[in-house]
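J.: I'd like to ask some things about the structure below.
Residue numbers (my numbering): 114 to 228.
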């Protein structure tokens, strides 16, 4: 995983990202971007990017499907509480096989975090 610090520059959408962390997880990459809005308030943009390959093996077409949510400071506590409860429920109520566990492992420079 990689931490990226960027300087904020006016009128440049890409430079609105002041901190970024990428989490590679199987076929998906999750981006956690801290951005600044027009009022100089920080918020979190979470993006899921999934690689989609279509076409034949001779002429494959690669596209990325992206989904975003924006999380604002006033919602952090409720979001984390809800996310923690949902993850705990899944852990307590599902049987995971070895193959499923490997697919859901996020690697972080030698450390592994299972979700």
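Every residue, glycine too, gets a C-beta built ideally from N, C-alpha and C.
In the segment 150-218, which residue ranges form an unbroken alpha helix (DSSP H) of at least 4 residues, counting only runs that do not cross its ends?
T.: 189-206 and 211-216
J.: Under a Cβ-count criterion, where at least 16 other Cβ atoms within 10 Å of its own Cβ denotes burial, should residue 153 be classed as buried or exposed?
T.: Label assigned to residue 153: exposed.
J.: Can you give me the C-alpha to C-alpha distance between residue 146 and residue 179, rounded to a whole angstrom?
T.: 14 Å
J.: For residue 164, which residues in the same chain have their Cβ closer than 7 Å to its Cβ, ignoring the five residues on either side in sequence?
T.: The beta carbon of residue 164 sits closer than 7 Å to the beta carbons of 140, 175 and 177 from its chain, once the five residues preceding and following it are set aside; these are given in chain order.
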